[in-house]
Structure formats: C-alpha cells, structure tokens
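Each residue of the sequence shown is one higher than the one before, counting from 267 in my numbering.
These notes are about the structure you will find just below.
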Amino acid sequence: MSGSTKAMGVITVGSLVAVTAYTVALGSSGWLWFGWVVLGLITLGMAATRES
267 MSGSTKAMGV ITVGSLVAVT AYTVALGSSG WLWFGWVVLG LITLGMAATR
317 ES
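Next up, the structure:
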C-alpha cells in the first residue's frame with residue numbers, strides 16, 4: 267500500500283471512532299454514518315486500484 271492509501275485508512279478509522287463517540291454522546295446522525303460509509307468506500311477503492 268502507498269502512503270496515501272495508509273493515510274486514508276487512518277483517517278477512515280479515526281472518523282469511525284469520532285462518529286461512534288458522537289452517536290454515544292449525542293445520538294445517532296444518519297448523515298454522519300452515510301459520510302463515513304462513503305469515506306470507507308473511497309478508501310477501499312483507493313486500496314483496490316493501488317494493488318492492481
């Protein structure tokens with residue numbers, strides 16, 4: 267994996283932690299979870315294109 271893909275992975279995991287903490291503290295927000303899913307899909311796409 268390249269450095270940018272690793273960085274995106276770290277950002278994705280960090281945002282998962284942040285969204286989970288927000289959900290626990292203030293309640294669920296569908297837009298936050300939607301944004302996290304989109305970020306995760308972008309990260310997976312980057313990883314898939316870098317490996318091929």
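Backbone N, C-alpha and C fix where the C-beta goes; we use that ideal spot for every residue, glycine too.
- The beta-carbon distance between G306 and T278, rounded to whole angstroms, is 5 Å. This is short enough to meet the 8 Å contact definition.
- Contact annotation: W302 and V276 have beta-carbon atoms that are not nearer than 8 Å.
- Following the DSSP letters along the chain, one finds S281 inside the alpha helix (DSSP H) bounded by residues G269 to L292.
- In this structure, the alpha-carbon of A314 lies about 15 Å from that of A273.
- Closest in C-alpha terms to S281, from the list S270, G311 and W299, comes W299.
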